[in-house]
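Numbering-wise, our numbering comes out as the position in the sequence shown, counting from 1, plus 193.
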Amino acid sequence: MKKVSNVNIVREFPLPTPREILAELPLTTEITEHIYAARTTTENILARRDKRILMICGPCSIDSIPAAMEYAMHLKQLQAKVQDKMFVIMRSYFEKPRTTVGWKGLIYDPDLDQSFNIEKGLRLARKLLIQLAEMEMPAATEILEPIIPQYVADLISWASIGARTSESQTHRQLASGLSMPVGFKNSTDGAVSVAVDAIKAASASHSFLGVINDGRTGVFSTKGNPYSHIVLRGGLHAPNYTSEHIAFAKELMRRQKVATPAIVIDCSHANSSKKPENQPKVLKDVVAQINAGEQSIAGVMLESYIKQGNQPINADHGKMIPGLSLTDACLGWQETEATIMEAYENLKI
Numbered sequence: 194m195k196k197v198s199n200v201n202i203v204r205e206f207p208l209p210t211p212r213e214i215l216a217e218l219p220l221t222t223e224i225t226e227h228i229y230a231a232r233t234t235t236e237n238i239l240a241r242r243d244k245r246i247l248m249i250c251g252p253c254s255i256d257s258i259p260a261a262m263e264y265a266m267h268l269k270q271l272q273a274k275v276q277d278k279m280f281v282i283m284r285s286y287f288e289k290p291r292t293t294v295g296w297k298g299l300i301y302d303p304d305l306d307q308s309f310n311i312e313k314g315l316r317l318a319r320k321l322l323i324q325l326a327e328m329e330m331p332a333a334t335e336i337l338e339p340i341i342p343q344y345v346a347d348l349i350s351w352a353s354i355g356a357r358t359s360e361s362q363t364h365r366q367l368a369s370g371l372s373m374p375v376g377f378k379n380s381t382d383g384a385v386s387v388a389v390d391a392i393k394a395a396s397a398s399h400s401f402l403g404v405i406n407d408g409r410t411g412v413f414s415t416k417g418n419p420y421s422h423i424v425l426r427g428g429l430h431a432p433n434y435t436s437e438h439i440a441f442a443k444e445l446m447r448r449q450k451v452a453t454p455a456i457v458i459d460c461s462h463a464n465s466s467k468k469p470e471n472q473p474k475v476l477k478d479v480v481a482q483i484n485a486g487e488q489s490i491a492g493v494m495l496e497s498y499i500k501q502g503n504q505p506i507n508a509d510h511g512k513m514i515p516g517l518s519l520t521d522a523c524l525g526w527q528e529t530e531a532t533i534m535e536a537y538e539n540l541k542i
């Protein structure tokens with residue numbers, strides 16, 4: 194008999210259910226209160242009830258727990274200096290969308306050797322998020338695989354849907370049920386309408402298939418996410434953070450009857466031509482727009498790590514530099530601190 198099922202599957206094996214992992218690594222009352230407060234603050238900023246801006250910064254991708262915690266300690270100290278104008282959230286990205294192939298992130302390949310120990314990756318990610326919550330550092334992440342949120346979403350204060358998936362019906366439905374604000378990036382070619390359509394879709398109710406906490410397939414019925422918003426990250430041919438681009442995005446949202454147009458500017462990716470040294474220039478322009486009265490800009494994103502630049506994954510892990518990005522090049526910490534402090538001092542809110 195000819196084989197017609199799982200023709201291209203090499204192997205399959207079960208993971209612990211979300212319920213099992215959550216029971217193994219539970220939330221304390223203190224952590225729950227922190228997450229609730231951080232999400233509420235984020236919502237108030239996006240709705241412009243709180244006039245501060247979101248400052249979402251951190252590594253392009255989490256590749257080392259010790260390096261991530263070292264970065265978090267630096268960020269925590271900075272958080273205290275700028276909290277009257279900025280609400281700081283740490284980028285804690287465990288999944289990396291790839292245009293073709295490449296390292297997919299800590300959850301998928303935590304040992305950086307293509308062994309794909311996803312069970313280990315899930316535990317590492319949740320443990321790090323718990324450590325961040327214990328030090329009251331809000332965490333942001335990108336949602337890529339629809340099953341992953343069942344394992345970690347209770348620890349996330351802000352989430353994004355990436356440029357490659359903002360057009361995906363699966364991700365729009367997923368965002369409609371997530372418990373934290375969700376930002377949709379414009380597409381990689383720069384199309385802002387994709388993100389605006391996603392906001393509209395995510396704010397509506399949906400019913401869709403997913404994996405429930407006991408591991409079974411189930412149906413989720415959602416009421417819609419009222420805090421979905423747009424993230425401008427530039428496109429193939431040009432950045433899109435200037436006042437003209439903001440006006441264009443606002444007009445598209447007005448036509449879609451988005452009640453409170455909230456925009457987060459990604460200072461990296463195409464807005465910086467993927468050059469970390471350009472990120473401060475973008476932030477400086479954004480601060481000038483806010484000071485000129487632009488109220489729709491609710492936040493910014495920076496890609497930064499301990500050391501500036503990036504490095505390839507080396508088969509000899511001992512030759513890799515801790516705190517230097519394995520994916521997109523990042524600002525170093527000294528440059529990050531100087532950039533944020535300059536923006537803080539110049540920001541008039």
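Glycine residues also receive a C-beta, built at the ideal position from the N, C-alpha and C atoms.
Opening and closing residue of the beta strand (DSSP E) in which residue i lies
i           : result
residue 378 : 375-378
residue 493 : 490-496
residue 370 : First-last for residue 370: 362-370, but that is the alpha helix (DSSP H), not the beta strand (DSSP E).
residue 459 : 456-459
From the options, residue whose alpha carbon lies closest to that of residue i
i           : options            : result
residue 466 : 216, 354, 433      : 433
residue 579 : 540, 442, 202, 330 : Residue 579 cannot be examined here, being either before or after the span of the chain that is shown, 194 to 542.
residue 247 : 476, 531, 508, 513 : 476
residue 418 : 517, 344, 353      : 353
residue 340 : 235, 366, 325      : 366
residue 431 : 266, 200, 411, 382 : 382
residue 409 : 199, 195, 207      : 207
residue 540 : 487, 518, 521, 519 : 487
residue 224 : 405, 320, 403, 358 : 320
residue 134 : 478, 451, 257      : In this structure the chain extends from 194 to 542, so residue 134 is not present and cannot be described.
residue 547 : 520, 537, 538      : The structure shown does not extend to residue 547, since the chain spans only 194 to 542, so no value can be given for it.
residue 440 : 456, 211, 322      : 456
residue 264 : 283, 277, 278, 276 : 283
residue 260 : 226, 325, 219, 232 : 325
residue 360 : 342, 380, 373, 322 : 380
residue 502 : 493, 513, 273, 508 : 513
residue 397 : 415, 342, 536, 384 : 415
residue 355 : 370, 405, 342, 378 : 378
residue 405 : 371, 197, 210, 490 : 210
residue 435 : 480, 401, 233      : 480
residue 547 : 262, 268, 371, 327 : What is shown of the chain runs 194 to 542, which leaves residue 547 out entirely.
residue 491 : 393, 402, 234, 412 : 234
residue 517 : 258, 370, 394      : 258
residue 262 : 536, 515, 538      : 515
DSSP bridge partner residues for residue i (one or two, in chain order)
i           : result
residue 202 : According to DSSP, residue 202 bridges with nothing at all.
residue 335 : 353
residue 411 : 403
residue 253 : Bridge partners of residue 253: none, in fact.
residue 310 : For residue 310, which the question treats as bridged, DSSP gives no partner whatsoever.
residue 503 : 518
residue 280 : 247
residue 421 : 375
Residue environment, residue i, which counts as buried when at least 16 other CB atoms sit within 10 Å
i           : result
residue 245 : buried
residue 510 : exposed
residue 542 : exposed
residue 280 : buried
residue 362 : exposed
residue 203 : exposed
residue 317 : buried
residue 532 : buried
residue 534 : exposed
residue 347 : buried
residue 256 : buried
residue 308 : exposed
residue 302 : buried
residue 322 : buried
residue 342 : buried
residue 484 : exposed
Enclosing alpha helix (DSSP H) for residue i [first to last residue]
i           : result
residue 536 : 526-539
residue 385 : 385-395
residue 345 : 342-345
residue 211 : 211-217
residue 236 : 222-239
residue 447 : 436-448
residue 476 : 472-484
residue 286 : That residue, residue 286, is in no alpha helix (DSSP H); it is neither H nor E in DSSP.
residue 267 : 258-275
Check: Is it true that the segment 312-321 meets the segment 516-529, where meeting means three or more beta-carbon pairs spaced less than 8 Å apart?
Finding: no
Next item on the list: Answer yes if the segment 250-259 comes into contact with the segment 488-501, meaning at least three C-beta pairs across the two stretches below 8 Å, and no otherwise.
Entry: yes
Item checked: Cβ contact (3+ pairs, closer than 8 Å) linking the segment 442-449 and the segment 389-406 -> yes
Note to self: Taking 8 Å as the cut-off, does the segment 321-338 touch the segment 284-293 (at least 3 CB pairs, one atom from each stretch)?
What the structure shows: yes
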